[in-house]
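Chains as they are written, first to last, in my numbering: chain Z, 1 to 530; chain A, 1001 to 1076.
Quick reminder that beta carbons are idealized off the backbone N, C-alpha and C, glycines included.
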Amino acid sequence: MLFTSYEFILFLVIIFLLYYVIPKKYQWMLLLLASYVFYSYAGIKYLLYILVTTISTYLISRQIGELFLSQKQYLKENKEYLSREERKLYKAGIKGKQRKLLILCLVFNFGILGVLKYSDFTINNINSLLDLLRVGKNISPLGFVAPLGISFYTFQSMGYIIDVYRGKYPYEKNIFKFGLFVSFFPQLIQGPISRFDDLKDSLFAKHSFDTRAISFGFYRILWGYFKKLVVADRLLPAVITIVGNPDEYQGVYVLVGMFFYAVDLYADFTGGIDITIGAAEVFGITLKENFERPYFSKSITEYWRRWHITMGTWFKDYIFFPISVSKSMLNLSKKCRKRFGDAIGKRVPVYLATIMVWLTTGIWHGAAWNFVVWGLLNCLVILVSQECIPLYNKFHARFNVGHTFWYRLFQVVRTFWLMSFIRILDCYRDVGTTFRMYGTIFTKWNWNELFGGSLLRLGLSIEDYIVLLVSCLLILYVSLASRSGSFREKLAAKPLIVRYLSYFLLILSILIFGAYGVGYDSSQFIYSQF
Amino acid sequence: MDEILEILEGLHPEVDFETCTTLIDDKIIDSFDIVTLISDISEEFDITIPVEDIIPENFNSAKSIHALVKRILEDE
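Dropping the structure here:
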């Protein structure tokens, strides 16, 4: 069920009405039922996968949690009889059991994700190798179809069990409540990747009808539809035309493709998250923000702190730190310090962990070499930027430009283009084509190609360009205005007439300018495929 | 405490670590700094900082880092 389908809007309205009519103690149960209905809409068999992840994670987290409780009980009862050493030994024994359970859960669930999402990618690579070696035999692809949102709900569930293992919070005793945390329908398809301790209070609470919060939620949903239907889906044909015809669209058009895709992806993904967060808000549930005006970032590191925030923090908490501060990594760092000096030794944990993070981030985005290279390029830029910090500091101190408006604008524009340059790897059919297109920027550059009506042959009319320009300016205005606080709060403080007029105009613009209607196939959200 | 201040000053000489209590919240030290910091602290005090202790509250100030180190030393 696409967020942009009529079915979803009807579904949301029905659940919303029921939610505030039924007794409050049943509200979360209704959401669980709605989430499973929503998920089985794509095919009842997919429900099985999410149930397997839910049940396996619940059962194992329960065992880990119970071990914590029995440890606490045992230590309390034997406080007077145990020496410090015996206590440590007992704790280490329990931790060992918990670690085995955790590994079992991680291997099982990431195994499902791996087989469903990456088996054909692996088989295709083995086949390429076999062809290269002229073995003359090939393995048939398995053709598995990964359920929608599997990466998101698997990451969310695995984050939960790691937190329980770390003792961050006790396990959830009610399997149905845990089931809702895994499957809460607004965030099921494209995140944000929530943490149990952030979400549980508002997810399971009894919610009264709060007119202000609900109207805020609906306004956020409308804003999301505006970005998705008026901007993203309108611009998409031009992106497809450029990246789908690399022999025809080269040089300056590669840059046009990068720019269009940057706008398209932003409107698509942030629009989807607006609908998600808004839908949760109408049920009184607060989800974490996933974006913080990312295109205003002044460096790539800052960009990744502000784009897809919940994914970035997931990788930081569950991959970057566990690798970089592990005993083996610190020992390696120590050895390298002795052998190669402090400067290199200190960098070893950071470098290796960063490479691992970006390799997995790339693979998480898709089973293709494009994404692997995309991840490694991000990693390369981040590490090079890190090394350049002393140089930048010297430059800023020497020329005293660091805080000037024009220099900051330069940094923002530079970061935007650098990210757009790397991001276009998502789009071309393979890595070779992408790099060939990068090359044409330098070898086949011709400004004049942009004039003479060729931009109108990308699948967009002059009216489309006008709608896109005005819409992007509006999004830019809202982004700028949001720097000093919530735009919705500011709007709510305006006179009634201004508020209602803005709602009315937003709805009207979605209805008139939205790229939808009979015969129009609204495209899937880009991130729902990850 | 002095050892911790020395390590922190080695990372960012421009910051007043004796008074600052928002090292993480204000993004004064980042993930890379934390790894270097943990590596240095582990070496200096011969302790292991568990990954579950890498939370903003434990790294927001020199005082909170000192409290963390003290707790781990007592536990060990």
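* **Proximity of Asn-1058/A and Leu-1068/A at Cβ, strictly below 7 angstroms** => By 1-based counting over the second sequence, the position of residue 1058/A is 58. By 1-based counting over the second sequence, the position of residue 1068/A is 68. A contact, by the Cβ cut-off of 7 angstroms.
* Does the region 302-316 of chain Z touch the region 245-261 of chain Z, meaning 3 or more C-beta pairs lie closer than 8 angstroms? -> no
* Asked: Can you tell me the Cα-Cα spacing of Ser-183/Z and Phe-399/Z, whole angstroms?
  -> On the first sequence, position 183 is the one that residue 183/Z refers to. On the first sequence, position 399 is the one that residue 399/Z refers to. C-alpha separation (whole angstroms): 53 angstroms.
* Asked: Shortest alpha-carbon distance to Phe-320/Z belongs to which of His-1012/A, Ile-1004/A, Ile-1034/A and Ile-1007/A?
  -> Here the question's residue 320/Z lines up with position 320 in the first sequence. Minimum Cα distance to Phe-320/Z is reached at Ile-1034/A.
* Asked: Going straight from the alpha carbon of Tyr-81/Z to that of Arg-87/Z, what length do you get?
  -> Against the first sequence, residue 81/Z aligns to sequence position 81. Against the first sequence, residue 87/Z aligns to sequence position 87. Those two C-alpha atoms are separated by around 10 angstroms.
* Can you tell me which of the three DSSP states Phe-371/Z falls into? => Position 371 of the first sequence holds residue 371/Z. The answer is helix: DSSP assigns Phe-371/Z an H, G or I state.
* On the three-state DSSP scale, how would you describe Ser-215/Z? -> The residue given as residue 215/Z occupies position 215 in the first sequence. Residue state, collapsed to three classes: helix.
* Rounded C-alpha distance that separates Lys-97/Z from Leu-51/Z -> Here residue 97/Z refers to the residue found at position 97 when the first sequence is read from its first residue. Here residue 51/Z refers to the residue found at position 51 when the first sequence is read from its first residue. Taking the straight line joining both Cα atoms gives about 25 angstroms.
* Euclidean distance between Cα positions of Leu-133/Z and Asn-125/Z -> Translated into positions along the first sequence, residue 133/Z becomes position 133. Translated into positions along the first sequence, residue 125/Z becomes position 125. Their Cα atoms are separated by approximately 12 angstroms.
* Output yes or no for whether 7 angstroms exceeds the beta carbon distance between Val-243/Z and Gly-224/Z. => Residue 243/Z sits at position 243 when you count from the first residue of the first sequence. Residue 224/Z sits at position 224 when you count from the first residue of the first sequence. Contact flag unset, no.
* **Secondary structure of Trp-445/Z, DSSP reduced to three states** => As a position in the first sequence, residue 445/Z is number 445, starting the count at 1. Reduced to three states, the DSSP call for Trp-445/Z is coil.
* Would DSSP call His-1066/A helix, strand or coil? -> Reading the second sequence from its first residue, position 66 is the one you call residue 1066/A. In the three-state reduction of the DSSP assignment, His-1066/A falls in the helix class.
* **Per-residue DSSP class, three states only, for Ser-420/Z** => Numbered from its first residue, the first sequence carries residue 420/Z at position 420. Three-state result, Ser-420/Z: helix.
* Asked: Does DSSP put Tyr-58/Z in a helix, a strand or coil?
  -> Mapped onto the first sequence, residue 58/Z falls at position 58. Looking at Tyr-58/Z - three-state DSSP - the assignment turns out to be helix.
* **C-beta contact flag for Tyr-303/Z and Thr-434/Z at 7 angstroms** => Working through the first sequence from its first residue, we reach residue 303/Z at position 303. Working through the first sequence from its first residue, we reach residue 434/Z at position 434. No, these two residues do not count as a Cβ contact at 7 angstroms.
* For Tyr-428/Z, count neighbouring C-beta atoms within 10 Å of its own C-beta (all shown protein chains included) and say buried if the count is 16 or more, exposed if not. => For the purposes of this step, residue 428/Z is taken as residue 428 along the first sequence, with counting starting at 1. Buried: at least 16 other Cβ atoms inside 10 Å.
* Rounded C-beta distance between Phe-369/Z and Asp-430/Z? I'm assuming under 8 angstroms. -> In the first sequence, counting from the first residue as 1, residue 369/Z sits at position 369. In the first sequence, counting from the first residue as 1, residue 430/Z sits at position 430. One point to set straight first is that residue 369/Z is Trp, not Phe, in the sequence displayed. Confirmed, Cβ separation roughly 7 angstroms.
* Cβ of Thr-1021/A less than 7 angstroms from any chain Z Cβ? -> Looking up residue 1021/A in the second sequence gives position 21. Chain Z contact via Cβ: absent.
* To do: Would you kindly check if the distance between the Cβ of Phe-260/Z and the Cβ of Leu-235/Z is under 7 angstroms?
  => Taking the first sequence and counting its residues from 1, one reaches residue 235/Z at position 235. Taking the first sequence and counting its residues from 1, one reaches residue 260/Z at position 260. Contact flag set, yes.
* Asked: Listing by chain order, which chain A residues have their CB less than 9 angstroms from the CB of Ser-61/Z?
  -> As a first step, residue 61/Z is located in the first sequence; it is residue number 61 there, counting from the start. Simply none; closest approach about 15 angstroms.
* Asked: What in chain A is Cβ-close to Gln-386/Z, meaning under 7 angstroms?
  -> On the first sequence, position 386 is the one that residue 386/Z refers to. Within chain A, the residues near Gln-386/Z are Phe-1032.
* Residues in the region 1036-1061 of chain A with C-beta within 7 angstroms of chain Z's C-beta atoms, listed in sequence order? -> Against chain Z - using a Cβ distance shorter than 7 angstroms - the residues of the region 1036-1061 of chain A are Thr-1036, Ile-1038, Ser-1039, Ser-1042, Glu-1043, Thr-1048, Ile-1049, Val-1051, Glu-1052 and Ile-1054.
* Can you tell me whether Ser-484/Z is buried or exposed, with buried defined as 16 or more other CB within 10 angstroms of its CB? -> For the purposes of this step, residue 484/Z is taken as residue 484 along the first sequence, with counting starting at 1. So Ser-484/Z ends up on the exposed side.
* Contact list for Leu-330/Z against chain A, beta-carbon separation under 7 angstroms -> In the first sequence, residue 330/Z corresponds to position 330, counting from 1. Here the neighbours are Ser-1039 and Ser-1042.
* Leu-380/Z versus Leu-352/Z: straight-line alpha-carbon distance, rounded -> As a first step, residue 380/Z must be located in the first sequence, where it is residue number 380. As a first step, residue 352/Z must be located in the first sequence, where it is residue number 352. For Leu-380/Z and Leu-352/Z, the gap between their C-alpha atoms comes out near 12 angstroms.
* Compare the C-alpha of Ser-482/Z against each of Val-135/Z, Phe-291/Z and Phe-38/Z and name the closest. => On the first sequence, residue 482/Z is found 482 positions in, with the first residue counted as 1. The residue with the shortest Cα to Cα distance from Ser-482/Z is Phe-291/Z.
* In angstroms, rounded to a whole number, what distance separates the CA positions of Ser-119/Z and Ile-363/Z? -> Locating residue 119/Z in the first sequence gives position 119, counting from the first residue. Locating residue 363/Z in the first sequence gives position 363, counting from the first residue. So the two alpha carbons sit approximately 12 angstroms from each other.
* Using a Cβ-Cβ cut-off of 7 angstroms, state whether Ser-183/Z counts as contacting chain A. => Within the first sequence, residue 183/Z is the residue found at index 183, counting from 1. Ser-183/Z does not count as touching chain A.
* **CB-CB length for His-207/Z against Gln-27/Z, believed under 8 angstroms** => Residue 207/Z sits at position 207 when you count from the first residue of the first sequence. Residue 27/Z sits at position 27 when you count from the first residue of the first sequence. Between His-207/Z and Gln-27/Z, the beta carbon gap of about 6 angstroms places them in contact (Cβ cut-off 8 angstroms).
* Asked: In chain A, which residues lie less than 7 angstroms from Pro-322/Z when you measure between Cβ atoms?
  -> Translated into positions along the first sequence, residue 322/Z becomes position 322. Per Cβ cutoff of 7 angstroms: Val-1051.
* Buried or exposed by the 16-neighbour rule on C-beta atoms within 10 Å, applied to Asp-201/Z -> On the first sequence, position 201 is the one that residue 201/Z refers to. Label assigned to Asp-201/Z: exposed.
* Flag this pair as yes or no: are the beta carbons of Ser-333/Z and Ser-1039/A separated by less than 7 angstroms? => For this step, residue 333/Z is matched to residue 333 along the first sequence. For this step, residue 1039/A is matched to residue 39 along the second sequence. Yes, the Cβ-Cβ distance between Ser-333/Z and Ser-1039/A is below 7 angstroms.
* Is there a Cβ from chain A that is less than 7 angstroms from the Cβ of Val-498/Z? -> As a working mapping, residue 498/Z is identified with position 498 in the first sequence. Judged by the 7 angstroms Cβ criterion, Val-498/Z is not in contact with chain A.
* Asked: What in chain A is Cβ-close to Gly-167/Z, meaning under 8 angstroms?
  -> As a first step, residue 167/Z must be located in the first sequence, where it is residue number 167. Neighbours of Gly-167/Z on chain A, chain order: Glu-1052.
* Asked: Does any residue of chain A bring its CB to less than 7 angstroms from the CB of Pro-141/Z?
  -> As a first step, residue 141/Z must be located in the first sequence, where it is residue number 141. For Pro-141/Z, the closest Cβ of chain A is not nearer than 7 angstroms.
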